[in-house]
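Participant: Chains as they are written, first to last, in our numbering: chain G, 185 to 451; chain W, 185 to 451. The beta-carbon is built from N, C-alpha and C at its ideal position, and this holds for glycine as well.
2 protein chains.
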Amino acid sequence: VTVDHPFDEAIALTRLDDGRLRGSTHPAWANMVGPFGGITAAACLHAVASETDCVGTPLALTVNFAAPVADGDYDLSVKPVRINRTNQHWTVELLQGGDVKTTASAIFATRRDSWSDAEAQPPHAPPPEDVPVAEESDFVTWLRNYEMRFVEGALSLDGDVHEQSTSTLWLRPVPVRPLDHAGLAAMCDVFFPRVFLRRGPVPAGTISLTTYFHATPAELADVAEGYLLGSARANRFSGGYSDQSATMWSRDGTLLATSHQIVYFKA
Amino acid sequence: VTVDHPFDEAIALTRLDDGRLRGSTHPAWANMVGPFGGITAAACLHAVASETDCVGTPLALTVNFAAPVADGDYDLSVKPVRINRTNQHWTVELLQGGDVKTTASAIFATRRDSWSDAEAQPPHAPPPEDVPVAEESDFVTWLRNYEMRFVEGALSLDGDVHEQSTSTLWLRPVPVRPLDHAGLAAMCDVFFPRVFLRRGPVPAGTISLTTYFHATPAELADVAEGYLLGSARANRFSGGYSDQSATMWSRDGTLLATSHQIVYFKA
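1. Between the alpha carbons of W/A212 and G/V253, how many angstroms are there, rounded?
2. For G/Q445 and W/L200, what's the separation of their Cα atoms in angstroms?
3. Please list, in chain order, the chain G residues whose beta carbon lies closer than 7 Å to that of W/F376.
4. Taking the straight line between their C-alpha atoms, what separation do you get for W/G437 and W/N271?
5. W/D427 versus chain G: which residues are under 8 Å apart at the beta carbon?
6. Could you give the first and the last residue of the continuous beta strand (DSSP E) run that contains W/F376?
7. Taking W/E409 as the query, report the chain G residues whose CB atoms sit under 9 Å from its CB, ordered along the chain.
8. Could you check whether the Cβ of W/F292 sits closer than 8 Å to any Cβ belonging to chain G?
9. Tell me which residue opens and which closes the alpha helix (DSSP H) that W/D342 is part of.
10. Tell me whether W/W299 sits in a helix, a strand or coil according to DSSP, three-state version.
11. Contact criterion: CB-CB distance below 8 Å. Does G/L412 meet it with respect to chain W?
12. Cβ of G/A309 less than 8 Å from any chain W Cβ?
13. If distances are taken between C-alpha atoms only, which option among G/V247, G/A227, G/A194, G/D314 comes closest to G/F334?
14. Identify the contact partners of G/Q348 in chain W, using a Cβ-Cβ distance below 7 Å as the criterion.
15. Give the list of continuous beta strand (DSSP E) stretches no shorter than 3 residues that lie fully inside the segment 378-447 of chain G.
16. What does the alpha-carbon distance come out to for the pair W/R206 and G/P310?
17. Cα separation between G/N248 and G/S429?
18. Residues of chain W with a CB under 9 Å from the CB of G/I391: which are they?
19. With burial defined as no fewer than 16 other Cβ atoms inside 10 Å of the residue's Cβ, what is the status of G/K285: buried or exposed?
20. Leaving out the 5 sequence neighbours to the left and right, which residues in its chain are closer than 6 Å to W/S208 when beta-carbon positions are compared?
21. Examine chain A for any beta-carbon lying closer than 8 Å to the beta-carbon of W/T287, and answer yes or no.
22. Let's see if you can read the secondary structure: which residues bound the alpha helix (DSSP H) around G/D192?
23. In the structure shown, what three-state DSSP assignment does G/D314 receive?
24. Nearest to G/C228 by CA position, among G/L341, G/K450, G/L278, is which residue?
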């Protein structure tokens, strides 16, 4: 990983004397309000991985976006809850000026050889080279960190309303960066609130995000700087809230992660 | 709600002088090791709802099963993280003898009138009266708290191996009990580890469970003591872990909740 990649700059952390980790929001990752949720999720995961007691690889990550993160420094307080033989449970708090802005729980695990099978199937998609790159948008800054090639459900700001909320796209970081768990955690959140496809770009934001990591280090290495295929869809919109689920695939059809979130919206 | 219903007995909590809530495991809800995860999830949700500052209704609940809960008393430490105008973020720790056995985060929300739509569709199923009731099993005690009518994917202990992991079933509590969010939270976890359908009843257990609640109090009241239709499926089994997603429906096809979990298994 190139240390001056904007992704690594954005999740860089410094250990403070009290054991907390200090990070700082990065202008390249700005969202409508505060930073892109995916970069906050990646910073939380990176914080846990930076603990000397941390072993294994990420299995599950839940990030609760309690309040907007303001531009500037933030502190991450990482605590081990329980260290089992094969699982580690951690909690993270993101603080600014004594206020908790984000909470997270992360589970790291040692993977064993086991029976394996995939039941979920990747969406049908032409090869990425046959799908046009989405035009650069001024909608939110962080979008410029990814090359996106939409097979279905591109974000439209001209008021197009879709019949359903599925987006399927090829994506990779700009500039390219070898895939790791932190990068995957962030990419699981590239699926803008599904209500945008149904009602246009109304006020909306993620409240809580949960990602399950299937990718082994070897599977991440196989992807390297290549494209991921991601697909997301909402289940129900009601009472100002909706949930959406996403799957993230390697080009060869390996399910790397599943990710779920609950979103508020005004429409 | 009848106060002596075994569900309400199992999630009953007493306020201690230090502000914590004391509960106790209930023999009727025993699982292979410790209590049924769904009853622990329901107790965590009930603990948050018992706080005087709690407003709105449950929107999201993540429960991390860090260590088995031993038979006997446990204490729940409930903390408000952030109280916004329409959302409340809470954390819960379940402790026994000073050890954290479970952590949870819960988000309560005030629902507003909004545009609404459902994209997920209920699974095809004959009416519950046309589906036989699953025979009582000695596999785990807690199963006796639910009447289950499997449309697909019943648990078999005689070594049947299925080609895929979907279970679809009608279910309701035994004895019947009016549906509320705590009852719904528990029922989201009735889907035994999907690996049982693929490999038989091997060692397995939930590590982390996330539920998103769509049901309004009016929708819960419409269900009342009636059946829910639930369906769950695994996405990928690999390295000793798998994830599974479930949807919970009213008889009239309303999506009441979506629920996701990551499971360990030995197979």
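Facilitator: Taking the definition as stated:
1. If you number the second sequence from 1, residue 212 of chain W lands on position 28. If you number the first sequence from 1, residue 253 of chain G lands on position 69. If you take the alpha carbons of W/A212 and G/V253, they lie about 45 Å apart.
2. Stepping through the first sequence from its first residue, residue 445 of chain G is reached at position 261. Stepping through the second sequence from its first residue, residue 200 of chain W is reached at position 16. Cα-Cα distance, rounded: 35 Å.
3. On the second sequence, position 192 is the one that residue 376 of chain W refers to. Around W/F376, no beta-carbon contact reaches into chain G at under 7 Å, the shortest distance being about 16 Å.
4. By 1-based counting over the second sequence, the position of residue 437 of chain W is 253. By 1-based counting over the second sequence, the position of residue 271 of chain W is 87. Answer to the nearest angstrom: the Cα atoms are 27 Å apart.
5. Taking the first residue of the second sequence as position 1, residue 427 of chain W is located at position 243. Correct list: Y396, H398, T442.
6. One-based indexing of the second sequence puts residue 376 of chain W at position 192. Boundaries for W/F376: no beta strand (DSSP E) harbours it, and the DSSP string shows neither H nor E there.
7. For the purposes of this step, residue 409 of chain W is identified with residue 225 of the second sequence, where counting begins at 1. Result: empty, since nearest Cβ-Cβ is about 23 Å, beyond 9 Å.
8. Indexing the second sequence from 1 puts residue 292 of chain W at position 108. Judged by the 8 Å Cβ criterion, W/F292 is not in contact with chain G.
9. Counting from one through the second sequence, the residue named residue 342 of chain W turns up at place 158. Per DSSP, W/D342 lies in no alpha helix (DSSP H) and is assigned neither H nor E.
10. Against the second sequence, residue 299 of chain W aligns to sequence position 115. Assignment of W/W299 by DSSP, reduced to helix, strand and coil, places it in the coil class.
11. By one-based count along the first sequence, residue 412 of chain G stands at place 228. Not an interface residue.
12. On the first sequence, position 125 is the one that residue 309 of chain G refers to. No, G/A309 does not count as interfacial toward chain W.
13. For the purposes of this step, residue 334 of chain G is identified with residue 150 of the first sequence, where counting begins at 1. With distances taken between Cα atoms, G/F334 lies closest to G/D314.
14. As a working mapping, residue 348 of chain G is identified with position 164 in the first sequence. Counting only Cβ-Cβ distances below 7 Å, G/Q348 has contacts in chain W at E303, in chain order.
15. Fully contained in the segment 378-447 of chain G are the following beta strand (DSSP E) runs of length 3 or more, in chain order: 388-397, 412-422, 425-434.
16. Locating residue 206 of chain W in the second sequence gives position 22, counting from the first residue. Locating residue 310 of chain G in the first sequence gives position 126, counting from the first residue. Using only the alpha carbons, I get a separation of about 56 Å.
17. In the first sequence, residue 248 of chain G corresponds to position 64, counting from 1. In the first sequence, residue 429 of chain G corresponds to position 245, counting from 1. Looking at the backbone, the Cα of G/N248 and that of G/S429 are separated by about 16 Å.
18. Within the first sequence, residue 391 of chain G is the residue found at index 207, counting from 1. Contacts between G/I391 and chain W, judged by CB atoms closer than 9 Å, involve L243, A244, N271, H273, I291, A293 in chain order.
19. Start at 1 with the first residue of the first sequence, and residue 285 of chain G comes out as number 101. Taking a 10 Å sphere around the C-beta of G/K285, we find 16 or more other C-beta atoms and assign the residue as buried.
20. Walking along the second sequence from the start, residue 208 of chain W turns up at place 24. Listed in chain order, the non-local C-beta contacts of W/S208 below 6 Å within the same chain comprise D257, local neighbours out to five positions each way being set aside.
21. Given the protein chain composition of this structure (G and W), no chain A is represented.
22. On the first sequence, residue 192 of chain G is found 8 positions in, with the first residue counted as 1. For G/D192, the enclosing alpha helix (DSSP H) covers residues 190-194.
23. Taking the first sequence and counting its residues from 1, the one referred to as residue 314 of chain G is at position 130. Looking at G/D314 - three-state DSSP - the assignment turns out to be helix.
24. Taking the first residue of the first sequence as position 1, residue 228 of chain G is located at position 44. Among G/L341, G/K450, G/L278, the Cα nearest to that of G/C228 belongs to G/L278.
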